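To start, the structure under review is shown below, and the notes come after it.
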Amino acid sequence: MFKLNLKIAWRNLWKNKGYTFINILGLSIGMASCILIFIFIRYQLSFDENFKNENRIYRVISGWTTPDNFFESAGTPRPLPAAMRNDFKQQFDKVAAIQASGGIIKVKDESGKERIKTSESVHYAEPDFFEILSFKWLDGNPRQSLSQPNTVVLSDEMADKLFGDWHKAVGKSVNFQNKVDLKVTGIIEKTPDNSSFPLKVIISYKTYLNQARPESTNWGTVSSTSECYVLLKEGASIEDASKSLPQFITKYYKRDNVSKESHRFQQLRDIHYNADLGNFANKVMPKKELYGLAIIGAFLLLTACINFINLATAQAVSRGKEVGVRKVMGSLRRQLIVQFLTETLTITVISLLVGCVLTEVALPGMQSLFKDHISFSIIEHPIIFVFMVILVLLVSFLAGFYPAMVMSGYSPALAIKNKITANAAGLSLRKILVVVQFAITIILIIGTLVVLRQMSYMREKPLGFIPTAVALVDVPSDSMAITRYHTLQDQINKIPGVLSTSYCSAAPSSDSNNESNFRYNGTVKSTFQANTKTGDENYFKTFGLEIIAGKGLSKSDTIKDIVVNETMLKKLNVVNYNDAIGKSIRINDKTGYIIGVVKDFNNMSLHEPISPIVINSDKESYTTIAVKLDSKSILPAMQAIEKIWNTVLPEYVYGSTFMDDKISEYYQTEKIMGALFKVFAGVIIFISFIGLFGLISFVATQRTREVAIRKVLGASTLELVKMLNGSFLLMVFVANLVAWPLAYLFVAKWLATFTYRIDLNIWPFVFAMIISMVITLITVSIRSYKAAVTNTIDALKYE
Amino acid sequence: MIQLNNIEKYYANKGIKNYVLRLVTTTIKQGEFVSIMGPSGAGKSTLLNIIGMLEEPTYGSYEFLGEDVTSLNERKRIELYRNHIGFVFQAYHLIDEMTVYENIEAPLLYKKVGSSERASRIADLLDRFNIVAKKDLFPNQLSGGQQQLVGIARALAAQPSIILADEPTGNLQSAQAEEIMTLFKKLNQEDGITIIQVTHSEKNAQYGNRILHIADGVVKEDVAILS
Chain A
1 MFKLNLKIAW
11 RNLWKNKGYT
21 FINILGLSIG
31 MASCILIFIF
41 IRYQLSFDEN
51 FKNENRIYRV
61 ISGWTTPDNF
71 FESAGTPRPL
81 PAAMRNDFKQ
91 QFDKVAAIQA
101 SGGIIKVKDE
111 SGKERIKTSE
121 SVHYAEPDFF
131 EILSFKWLDG
141 NPRQSLSQPN
151 TVVLSDEMAD
161 KLFGDWHKAV
171 GKSVNFQNKV
181 DLKVTGIIEK
191 TPDNSSFPLK
201 VIISYKTYLN
211 QARPESTNWG
221 TVSSTSECYV
231 LLKEGASIED
241 ASKSLPQFIT
251 KYYKRDNVSK
261 ESHRFQQLRD
271 IHYNADLGNF
281 ANKVMPKKEL
291 YGLAIIGAFL
301 LLTACINFIN
311 LATAQAVSRG
321 KEVGVRKVMG
331 SLRRQLIVQF
341 LTETLTITVI
351 SLLVGCVLTE
361 VALPGMQSLF
371 KDHISFSIIE
381 HPIIFVFMVI
391 LVLLVSFLAG
401 FYPAMVMSGY
411 SPALAIKNKI
421 TANAAGLSLR
431 KILVVVQFAI
441 TIILIIGTLV
451 VLRQMSYMRE
461 KPLGFIPTAV
471 ALVDVPSDSM
481 AITRYHTLQD
491 QINKIPGVLS
501 TSYCSAAPSS
511 DSNNESNFRY
521 NGTVKSTFQA
531 NTKTGDENYF
541 KTFGLEIIAG
551 KGLSKSDTIK
561 DIVVNETMLK
571 KLNVVNYNDA
581 IGKSIRINDK
591 TGYIIGVVKD
601 FNNMSLHEPI
611 SPIVINSDKE
621 SYTTIAVKLD
631 SKSILPAMQA
641 IEKIWNTVLP
651 EYVYGSTFMD
661 DKISEYYQTE
671 KIMGALFKVF
681 AGVIIFISFI
691 GLFGLISFVA
701 TQRTREVAIR
711 KVLGASTLEL
721 VKMLNGSFLL
731 MVFVANLVAW
741 PLAYLFVAKW
751 LATFTYRIDL
761 NIWPFVFAMI
771 ISMVITLITV
781 SIRSYKAAVT
791 NTIDALKYE
Chain B
1 MIQLNNIEKY
11 YANKGIKNYV
21 LRLVTTTIKQ
31 GEFVSIMGPS
41 GAGKSTLLNI
51 IGMLEEPTYG
61 SYEFLGEDVT
71 SLNERKRIEL
81 YRNHIGFVFQ
91 AYHLIDEMTV
101 YENIEAPLLY
111 KKVGSSERAS
121 RIADLLDRFN
131 IVAKKDLFPN
141 QLSGGQQQLV
151 GIARALAAQP
161 SIILADEPTG
171 NLQSAQAEEI
181 MTLFKKLNQE
191 DGITIIQVTH
201 SEKNAQYGNR
211 ILHIADGVVK
221 EDVAILS
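Residue numbers (full-length UniProt numbering), protein chains in the order written: chain A, 1 to 799; chain B, 1 to 227.
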């Protein structure tokens with residue numbers, strides 16, 4: 001029976017090739033999009049899975065409440081892990097510190113010659129860290145390998161890179177930062193791409209403590225690079241542990257600070273999704289965006305299903321006779337439903353196969369967009385296969401059930417006499433579905449237009465400084481390197497094409513920001529923190545910053561002169577900027593005097609408002625030399641800079657970026673959003689309009705007789721096309737009215753995440769309306785024109 | 001009024017010409033009531049369709065009101081439909097979604113007749129055919145004869161000079177058929193409207209004043225009826 005159904009299904013699909021093609025095209029594109037979205041979401045949700053005890057692992061988060069602000073960091077004060085281990089014995093099995101850092105690793109061969117010099121990110125970790133998070137150890141174990149100072153554990157990939165073969169690595173030694181020799185004591189398996197812990201070089205935490213940094217005992221300094229992980233005791237609850245935190249905070253923190261400290265525990269599985277806190281891997285994907293994608297996927301599928309339902313119910317009439325005959329022959333309604341569902345299933349399975357091909361084709365584009373390796377391997381991830389099966393069943397049911405009910409419900413007597421007509425109820429359902437479909441399409445068009453406009457606004461907005469053709473070249477900041485700063489700058493300045501250079505801690509806009517309390521004009525501590533930047537006397541010239549009162553920094557190696565920005569003075573209630581000149585600012589336990597005011601510039605992404613900023617000189621804090629280049633000679637100049645850099649600082653590893661690239665990195669998420677919106681809006685428009693074409697084809701066929709009668713009554717082609725198009729244009733117009741308020745809610749909410757944003761005006765809405773109406777008009781007219789010029793006589797022959 | 005010269009119509013099928021009409025030459029004058037008769041498949045309907053410009057002859061020339069319309073562009077043809085030709089079909093071909101009133105109004109809308117003029121003409125037709133009470137009904141609520149009356153009213157609405165009727169009574173009972181034929185005769189005699197009908201029935205043909213007998217695509221006989 002099933003085989004026969006399948007055969008008949010196949011013949012029917014073949015008979016209506018046009019509709020079948022439209023159905024398969026729409027469904028396969030919709031399904032391909034869904035599969036892409038699914039494998040992406042699956043990949044994102046797979047982050048940090050498969051750790052033992054994952055439900056008991058937490059990261060300690062630090063928070064500060066200031067009078068006008070609250071912010072959090074994934075970092076903790078460096079003495080915190082030890083204190084917590086001591087004070088939370090009841091609640092926690094393990095507490096471990098891990099410190100992210102980076103440096104130059106050198107490997108010498110037997111003869112003592114330097115064989116490899118490479119700059120790598122490293123992590124200092126306590127042995128307990130590996131008992132909290134279960135990594136796979138290929139050689140050694142955390143207890144032994146990381147309990148002594150000057151020991152290092154490598155990932156197998158890193159060990160292969162440094163020693164050729166990781167099996168030979170253990171026992172050998174590497175040099176780190178030209179300072180210490182580290183003995184390789186263990187090998188762990190390379191962490192997968194979907195991990196928030198990209199550990200490659202793990203140095204024992206005792207090595208870090210041995211370097212005797214002052215901040216390692218300071219409760220007042222927090223860097224987001226020093227994290228602390230805890231393993232909750234079995235049976236203990238994190239709420240209980242949290243209750244002990246206030247006591248812990250009072251015990252260790254000094255009470256006189258302006259901001260109030262707090263801590264909380266973040267679940268391991270939240271780390272990948274929390275964009276505010278970040279992680280070592282710098283890969284975050286807010287759950288919100290995953291939900292957004294899932295909704296788009298559902299919309300796509302819905303649109304494709306609506307196409308199917310519309311076409312199927314429209315065609316249903318022509319199957320009336322078959323239904324009648326079958327019923328007369330004794331078919332049960334149930335059997336007819338099964339038969340029609342078989343047809344839908346056939347189409348869906350074909351669509352899935354086509355969809356898989358499309359997925360495979362689109363995958364490289366998706367991978368380059370997300371810069372991640374996303375797998376579409378059913379063998380690796382059987383869940384994808386399960387998803388596809390569910391998808392097929394869901395689509396078959398969603399799309400096939402209603403038409404099957406309609407068709408199987410025909411009364412045999414009427415059906416045989418061909419007295420079945422598309423009833424009014426069916427038509428109005430179709431109309432509602434078309435309106436829903438187009439409302440979705442129009443919302444996406446509006447969304448796309450707004451996202452694209454905001455993107456171009458961000459690209460074009462003047463930031464208050466000139467980011468073009470500025471290279472940011474890393475410089476080491478140890479005392480040995482500092483002595484060569486002068487030479488390096490002098491030589492770079494001589495390169496043709498270099499316009500100006502400046503040592504600084506960070507570019508005007510940077511994702512590395514330091515906030516400090518300060519005293520202005522000898523008064524008590526400020527109620528807000530200032531963003532501090534350091535740079536030499538050429539900082540303003542190199543970045544094109546504008547001084548609007550006083551003058552810029554003069555040559556100095558330590559804090560002496562201070563330049564503040566407008567926001568700083570506004571927050572201090574200084575109206576006349578010249579009043580501030582000469583006033584003192586005490587910051588980081590050093591005092592300087594304001595000599596100039598710089599015009600406000602955006603110091604972070606446009607999501608954030610401008611911070612109050614203090615700029616001064618401090619040779620020891622420089623990490624970068626910014627080089628303003630003549631845009632015509634960037635390439636040769638960069639090569640020359642690298643050459644000079646390597647001659648002046650041969651012990652170190654050269655690294656550079658461009659200011660423009662840094663800034664566009666801020667908007668990576670928006671760029672991805674924009675690209676996704678463009679693609680999916682395109683797909684949904686396409687699906688909707690082929691559906692529309694199918695529907696108008698059907699309507700035109702059904703009204704052939706009417707068209708013919710009207711023709712002999714003297715209707716012109718234009719009048720007929722107008723008549724056929726009218727209801728479609730009306731439907732799309734209604735869809736516009738439905739879509740506008742919804743789209744407004746969505747885009748207004750999205751824009752609210754930007755401090756600097758475009759004004760939302762009527763144009764994207766009007767434009768979406770024009771686009772949708774024009775495309776509808778074209779789609780529908782193509783078909784209705786054809787209907788209007790067909791041969792009249794064929795339609796008027798006797799039945 | 002209508003001049004057909006050597007009209008031929010054939011369908012080529014695998015190189016073989018299947019003739020439907022062969023060398024039909026005839027003239028129909030203003031005010032005539034012509035019946036085209038013949039066995040099934042003789043080419044009656046095709047001839048009527050050619051006269052109604054619904055089909056084009058393969059060969060031959062056709063003059064309508066002194067103008068060669070053998071291959072007429074669409075705009076001119078629509079112009080003729082709007083002003084000179086009314087069609088009546090065996091299957092009535094009313095528009096199902098429109099009421100009686102709206103069906104009759106349709107050709108006037110295409111002819112761009114003003115609204116008050118439209119209303120008076122439709123009222124006149126409804127009155128004349130005794131279907132005033134039915135004006136708000138839909139076609140499927142009427143009997144066949146009534147539907148055909150509406151069909152004729154619709155054909156007359158645009159005040160054509162010629163009515164082309166393809167077996168107008170083919171679907172009707174004899175009483176209703178008689179009524180329709182009497183109406184045609186009246187229209188022909190009182191209003192001077194030229195009528196060309198295709199019919200199987202010798203009886204119906206007697207209402208007219210001329211009969212064209214067609215067999216195998218050829219005009220066999222052209223008989224005038226003296227009443």
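Note that CB positions come from ideal geometry on N, CA and C, so glycine has one too.
This one's a predicted model, so the numbers in the text were calculated from it and none came from an experiment.
* With DSSP as the reference, label M37 of chain B as helix, strand or coil. => strand
* Asked: Which chain B residues are close to S716 of chain A, counting only those with a beta carbon under 8 Å from its beta carbon?
  -> E74, R75, I78 and Y110, listed in chain order.
* Asked: Taking 8 Å as the CB-CB cut-off, is I39 of chain A touching chain B?
  -> No - not a single Cβ of chain B is within 8 Å of the one on I39 of chain A.
* To do: Could you check which residue in A:K172, A:I203 and A:E54 has the C-alpha nearest to that of H123 of chain A?
  => A:I203
* Asked: With 8 Å set as the bound, which would you pick, yes or no: does the beta-carbon of E105 of chain B sit closer than that to a beta-carbon of chain A?
  -> no
* DSSP beta-bridge partners of D68 of chain B -> B:E63
* L231 of chain A and D93 of chain A closer than 8 Å at C-beta -> Yes; because the gap between Cβ atoms is below 8 Å, this pair is in contact.
* C-beta atoms of I50 of chain B and P57 of chain B nearer than 8 Å -> yes
* To do: Give the single residue among A:I41, A:Y205, A:S477 and A:K321 whose Cα lies nearest to the Cα of S621 of chain A.
  => A:S477
* When the Cα of F698 of chain A is compared with those of A:M458, A:A314, A:M568 and A:N5, which residue comes out closest? -> A:A314
* **Unbroken beta strand (DSSP E) run spanning Q267 of chain A, endpoints** => K260 to Q267
* Asked: Which term fits I162 of chain B, buried or exposed, when burial requires 16 or more other beta carbons within 10 angstroms of its beta carbon?
  -> It counts as buried.
* Is there contact between the segment 109-129 of chain A and the segment 179-186 of chain A, where contact requires at least three CB pairs shorter than 8 Å? -> no
* **Min CB distance R710 of chain A to chain B below 8 Å** => yes
* **Interface partners of L54 of chain B on chain A, CB under 8 Å** => V712, T792, I793 and L796
* Asked: Do you know whose CA, among A:L394, A:A748 and A:I295, lies nearest C305 of chain A's CA?
  -> Cα-wise, what sits closest to C305 of chain A is A:L394.
* Asked: What residues of chain B sit near residue 821 of chain A, judged by a beta carbon separation below 8 Å?
  -> A query on residue 821 of chain A cannot be resolved here, the shown segment of chain A reaching from 1 to 799 and no further.
* **Alpha-carbon spacing of D48 of chain A relative to F129 of chain A, whole angstroms** => 15 Å
* Asked: How long is the line joining the alpha carbons of L277 of chain A and V222 of chain A, rounded to whole angstroms?
  -> 13 Å
* Asked: Okay, do the segment 541-558 of chain A and the segment 461-468 of chain A touch, 3+ Cβ pairs below 8 Å being the bar?
  -> yes
* **Cβ-based burial, F197 of chain A [other Cβ within 10 Å; buried from 16]** => buried
* Report the partner residues of C504 of chain A according to the DSSP bridge assignment. => DSSP lists A:G535 and A:T624 as partners of C504 of chain A.
* To do: Give the interface partners of E719 of chain A over in chain B, defined as CB-CB distance under 8 Å, in chain order.
  => Y110
* In terms of residue numbering, what span does the beta strand (DSSP E) encompassing N307 of chain A cover? -> Unbroken run through N307 of chain A is the alpha helix (DSSP H), K287 to A316; no beta strand (DSSP E).
* Close Cβ partners of N140 of chain B (< 7 Å) along its chain, the five nearest in sequence each way excluded -> D96
* To do: Within 10 angstroms of the Cβ of S554 of chain A, are there 16 or more other Cβ atoms? Answer buried if so, exposed if not.
  => Exposed, because fewer than 16 other Cβ atoms sit within 10 Å of the Cβ of S554 of chain A.
* To do: Please list the residues of the segment 107-136 of chain B that have a C-beta atom closer than 8 Å to any C-beta atom in chain A, keeping them in chain order.
  => P107, Y110 and K111
* **Simplified DSSP assignment, three categories, for F581 of chain A** => With the sequence shown as reference, residue 581 of chain A is identified as Ile, and Phe is not the correct amino acid for it. Here I581 of chain A sits in coil by DSSP.
* Asked: According to a CB-to-CB cut-off of less than 8 Å, which residues of the segment 21-51 of chain B neighbour chain A?
  -> N49
* Three-state class that DSSP yields for H272 of chain A in the structure shown -> coil
* Asked: Any Cβ of chain A within less than 8 Å of the Cβ of A158 of chain B?
  -> So yes, A158 of chain B belongs to the interface.
* Asked: Skipping 5 residues on each side, what residues in its chain have a beta carbon closer than 6 Å to that of P769 of chain A?
  -> Note on residue identity: the sequence assigns Met, not Pro, to residue 769 of chain A. N736, listed in sequence order.
* To do: Report the three-state DSSP secondary structure of residue 825 of chain A (helix, strand or coil).
  => With chain A covering 1 to 799 only, the question about residue 825 of chain A has no answer from this structure.
* chain A contacts made by the segment 209-223 of chain B, where a contact means CB separation under 9 Å -> Within the segment 209-223 of chain B, no residue has a Cβ that lies closer than 9 Å to any Cβ of chain A.
* Residues that Y81 of chain B contacts on chain A, provided the C-beta gap is smaller than 9 Å -> K711, V712, L713, G714 and A715
* **Segments of 4+ residues assigned as alpha helix (DSSP H) that fall wholly inside the segment 16-71 of chain A** => 17-45
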